[in-house]
Amino acid sequence: MISLFGETDEDLLALEILLFKLCSTEDESNLCFNHLYKYERNQRCTILMIAILKHRVNLVRMLLTKFRKSIDLEMKGSVRYRSSLHHEMSALCAAICAENLDLIKLLIEHGADVHTVSDYDTTPLHIATILCRFDIVQYLVEEAHADVHRKNKRNAICLNMAGILGHLQLIEYFLKQPGTNVNHQTNGGETTLHCAVILNHIDAIKLLLSYNARIDIQNDEMMTPLEIAAVDLHEEIVNYSLNVEDMVRVRDKIDILELLGASLLCARSEFQHYDRGYQYLMQAMILRMSNGIEKTPNKPISVYKNHVECLSIAELESIRYNNDGLRLEALLICERLLSSKNNMELVDCIQRESWLCYSNSEYERGIDLSLRGLQFSIINDHMNINNRNRMFYISQVTRDIGEVYLEILSFGNVFIPTRRFLECFQLSIDRFRRLYRKLLAAPEKVMQIAHNYYMNSILFLIYVSTKICFTSNEQEQLCRLIQWINRLNIFTKFDRSTLLHLFCHPHFSLKISQTEISFLCADAVKLLIECDFDVNAVDINGNTPLHILFRNISDTQLTIAETILDIFLRTNRFHPDYVNKQGKTLLDCTANSQLIELFKRKVVLSLKCQCALRLNQMKINHESYLSRNLIEFVRKHK
1 MISLFGETDE DLLALEILLF KLCSTEDESN LCFNHLYKYE RNQRCTILMI AILKHRVNLV
61 RMLLTKFRKS IDLEMKGSVR YRSSLHHEMS ALCAAICAEN LDLIKLLIEH GADVHTVSDY
121 DTTPLHIATI LCRFDIVQYL VEEAHADVHR KNKRNAICLN MAGILGHLQL IEYFLKQPGT
181 NVNHQTNGGE TTLHCAVILN HIDAIKLLLS YNARIDIQND EMMTPLEIAA VDLHEEIVNY
241 SLNVEDMVRV RDKIDILELL GASLLCARSE FQHYDRGYQY LMQAMILRMS NGIEKTPNKP
301 ISVYKNHVEC LSIAELESIR YNNDGLRLEA LLICERLLSS KNNMELVDCI QRESWLCYSN
361 SEYERGIDLS LRGLQFSIIN DHMNINNRNR MFYISQVTRD IGEVYLEILS FGNVFIPTRR
421 FLECFQLSID RFRRLYRKLL AAPEKVMQIA HNYYMNSILF LIYVSTKICF TSNEQEQLCR
481 LIQWINRLNI FTKFDRSTLL HLFCHPHFSL KISQTEISFL CADAVKLLIE CDFDVNAVDI
541 NGNTPLHILF RNISDTQLTI AETILDIFLR TNRFHPDYVN KQGKTLLDCT ANSQLIELFK
601 RKVVLSLKCQ CALRLNQMKI NHESYLSRNL IEFVRKHK
């Protein structure tokens, strides 16, 4: 409606008269002024908020002057800024999103609450800070007396936000406010200095240090700002900070230089730099020697080719042009300095080295490195950060190992050491299980993602296990591990398929080392069923594993389909007449005449299934007499 009227006095008068006619009662006024209307790009706004977002200053002034008693200034809607849709936004928040100082002043003059909060407990001052509008921030603080120390849901104050943005004028302004704590930490333990370092804002870092920001505070990952700068390869920040007189102790300087050098040597190929990495390690070694700070040598381990950290300048010089030696030195330094931290840097370094081994066909050492990474993926059960990244890492390493074993099998006639394979399987499940407990309290979406990551990885190891000859004791161990997976009740994110569904899917295949691997596998199905997987489990569409098999089978796969059907029929738990959510049985899902004939020849319905069918066919009222489980059982036979 408001778009039909312009900003001239005549237009505004006409609109005013129309609104008075439409809003003759309190209910009509409330419906007109305080109703949330759909606005462009999924925003939901009142008439006043729409006028604000259109920068209609005269219209907003008229509404506030003539209809203030009818307008709820704190009515909350949804407004978009910085490309994201934000909820619980008041008219004042909308005016700040519109970055219109005249409208902001007008709303505050008419009583808008300067401390109103939107989603995430974001105040108008927070929004102005995020938008880097110094003039609006200054007005809100100095004229509207907004609280600069107000925290959002992440426990962040305006200073933290300005640090993330690297806005020098705002940072200095907030630092000068009475009572500002330059070392205030968010829920993740980050100070403003942490934030500026992560985003590589060198000028902001210099400013914060001039206001005595502490460089030794650890965040929840147990990382100081300088350690973050080192692992993120922010060389300028490290060099500047270490050269500030008396700010960093010599021992800490050595650790930071070693960490920066090691990070450069272990970085992704596009950031890896052997010469600069070596130079930082040499700087650290010279500092060690000149200050008499000795390094405790590590115990040699085979995964690092029994390499021992260099203890002198001469030893370091001896590996200067040995890239493998430098990377091993770097990995040992990372383990020494990062193994007690809660971040992912160490395991990422180990994973990149394992990928290098795999690409060079060094499969045994690559698997050793993958296992080493899994061991460090969860240091202790009290660790409760980066859980989603850890889940992705555990799943990715599990898949890496599975793909390598598949590649080895593709060579034909190769022996896979069973003890090592079971060690991989056990460590993967152990790490997933320990992390899974922490995710139980997470939102359902996070759990679904965790299931999806891990299912699409562990199935590789399950498939490989069907191609290996185990002793009877090893087979029992394998079954116990798979039973653990079954107890976790994991399924795919999109259609809630179980592992049994995936191994019954005729079209589920992947290309490994130029070889197409089909995961339609009777041996895997047999193994899962022997380990108590539910043969009647249904996906989001009510399909059992055999629904998936029957619906997608081709003539060339009939032999394996018959084998899988026989495996199902040998169990006492299988119900071949279950219907999916479309009311279709197995036979309804296939047009393959040979498969239909095969099914009719082999399948005999149990008495229990026949009773359920008869109850449905005769429409007998049974729900008052049967248990909930039996009622559900009958429903699946309709």
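Numbering-wise, the UniProt record's numbering puts 176 at position 176 of the sequence shown, and it's gapless, one number per residue.
Glycine included, each C-beta is placed from N, C-alpha and C at the ideal position.
For clarity, every value in this text was computed on a predicted model and none was experimentally measured.
When you compare the CB positions of residue i and residue j, do they come within less than 8 angstroms of one another, or not?
{"i": "V248", "j": "P225", "result": "no"}
{"i": "residue 660", "j": "L159", "result": "Nothing in the structure corresponds to residue 660, since the chain is present only between 1 and 638."}
{"i": "L331", "j": "E364", "result": "no"}
{"i": "M447", "j": "L499", "result": "no"}
{"i": "R214", "j": "L265", "result": "no"}
{"i": "I416", "j": "I485", "result": "no"}
{"i": "R44", "j": "L53", "result": "no"}
{"i": "S457", "j": "S395", "result": "yes"}
{"i": "E309", "j": "K295", "result": "yes"}
{"i": "L528", "j": "F503", "result": "yes"}
{"i": "I202", "j": "M161", "result": "no"}
{"i": "L427", "j": "L374", "result": "yes"}
{"i": "A144", "j": "L168", "result": "no"}
{"i": "F460", "j": "R399", "result": "yes"}
{"i": "I512", "j": "S410", "result": "yes"}
{"i": "Q483", "j": "D532", "result": "yes"}
{"i": "N212", "j": "V182", "result": "yes"}
{"i": "H184", "j": "I164", "result": "no"}
{"i": "D577", "j": "T585", "result": "yes"}
{"i": "I127", "j": "Y173", "result": "no"}
Check the C-beta distance from residue i over to residue j and give it rounded, since I have them as a contact under 8 angstroms.
{"i": "D220", "j": "I385", "result": "5 angstroms"}
{"i": "V137", "j": "L107", "result": "Between L107 and V137 the Cβ distance is about 16 angstroms, and since that is not below 8 angstroms, they are no contact."}
{"i": "L207", "j": "A230", "result": "Wrong, their Cβ atoms sit about 21 angstroms apart, outside the cutoff."}
{"i": "G402", "j": "V303", "result": "Rounded, the Cβ-Cβ distance is 20 angstroms, inconsistent with contact."}
{"i": "L338", "j": "N387", "result": "At roughly 18 angstroms, the Cβ-Cβ gap does not stay under 8 angstroms, so L338 and N387 are not in contact."}
{"i": "N34", "j": "M75", "result": "5 angstroms"}
{"i": "N342", "j": "M222", "result": "5 angstroms"}
{"i": "L481", "j": "I408", "result": "Not really, about 20 angstroms apart at Cβ, beyond 8 angstroms."}
Does DSSP put residue i in a helix, a strand or coil?
{"i": "H86", "result": "strand"}
{"i": "S312", "result": "coil"}
{"i": "K511", "result": "strand"}
{"i": "I517", "result": "strand"}
{"i": "S78", "result": "strand"}
{"i": "D566", "result": "helix"}
{"i": "Q375", "result": "helix"}
{"i": "residue 668", "result": "Summary: the structure shown does not reach residue 668, with the chain confined to residues 1 through 638, and so no result is reported for it."}
{"i": "M223", "result": "coil"}
{"i": "D147", "result": "coil"}
{"i": "V231", "result": "helix"}
{"i": "F5", "result": "Confidence at F5 is low in this model, with a pLDDT of 44, below 50, so its placement is unreliable and the value that follows should be read with caution. Coil, per DSSP."}
{"i": "K176", "result": "coil"}
{"i": "I198", "result": "helix"}
{"i": "C266", "result": "helix"}
{"i": "S410", "result": "helix"}
{"i": "Q138", "result": "helix"}
{"i": "E190", "result": "coil"}
Excluding five sequence neighbours on each side, which residues of the same chain lie with their C-beta closer than 6 angstroms to the C-beta of residue i?
{"i": "R628", "result": "none"}
{"i": "L92", "result": "L107, A112 and P124"}
{"i": "N306", "result": "P300"}
{"i": "K526", "result": "I567"}
{"i": "Y120", "result": "N152 and K153"}
{"i": "Y405", "result": "V464"}
{"i": "A146", "result": "V114, L125 and L140"}
{"i": "Q218", "result": "T224"}
{"i": "Y39", "result": "C45 and I50"}
{"i": "F376", "result": "L346 and V347"}
Given 7 angstroms as the limit, tell me if residue i has its C-beta closer than that to any heavy atom belonging to the ligand NAD.
{"i": "V248", "result": "No copy of the ligand NAD occurs in the structure displayed, which carries no ligand at all."}
Can you find the residues in the same chain that come closer than 7 angstroms, C-beta to C-beta, to residue i, ignoring five residues on each side of it along the sequence?
{"i": "I490", "result": "H451, Y454 and M455"}
{"i": "residue 644", "result": "Nothing in the structure corresponds to residue 644, since the chain is present only between 1 and 638."}
{"i": "E317", "result": "none"}
{"i": "N291", "result": "V250"}
{"i": "I228", "result": "H194, V197 and I198"}
{"i": "I540", "result": "D495 and R496"}
For residue i, which residues in the same chain have their Cβ closer than 8 angstroms to its Cβ, ignoring the five residues on either side in sequence?
{"i": "residue 647", "result": "Shown here, the chain extends from 1 to 638; a query on residue 647 therefore has no answer."}
{"i": "V79", "result": "Q43, C45, M49, L53, L85, H86, M89, C93, A94 and C97"}
Compare the C-beta of residue i against all C-beta atoms of chain D and say whether one is closer than 8 angstroms.
{"i": "C23", "result": "The structure shown contains no chain D; it is built from a single protein chain."}
> What runs of the beta strand (DSSP E), each 3 residues or longer, lie entirely inside the region 568-600?
Replying inline: The qualifying runs do not exist here; there are none.
> Mind pulling the alpha helix (DSSP H) runs of 4 or more residues that sit fully within the region 270-354?
Replying inline: Counting whole runs of 4 or more residues, the region 270-354 contains the alpha helix (DSSP H) stretches 274-291, 313-318 and 323-338.
>> Extract the residue ranges of the beta strand (DSSP E) inside the region 25-70, only unbroken runs of 3 or more that lie entirely within it.
In response: As far as the region 25-70 is concerned, its whole beta strand (DSSP E) runs of at least 3 residues are 37-39 and 43-45.
>> Please give me, in chain order, every unbroken run of the alpha helix (DSSP H) with length at least 4 that falls completely inside the region 419-481.
In response: Considered as a whole, the region 419-481 harbours 444-465 as its complete alpha helix (DSSP H) runs of no fewer than 4 residues, in chain order.
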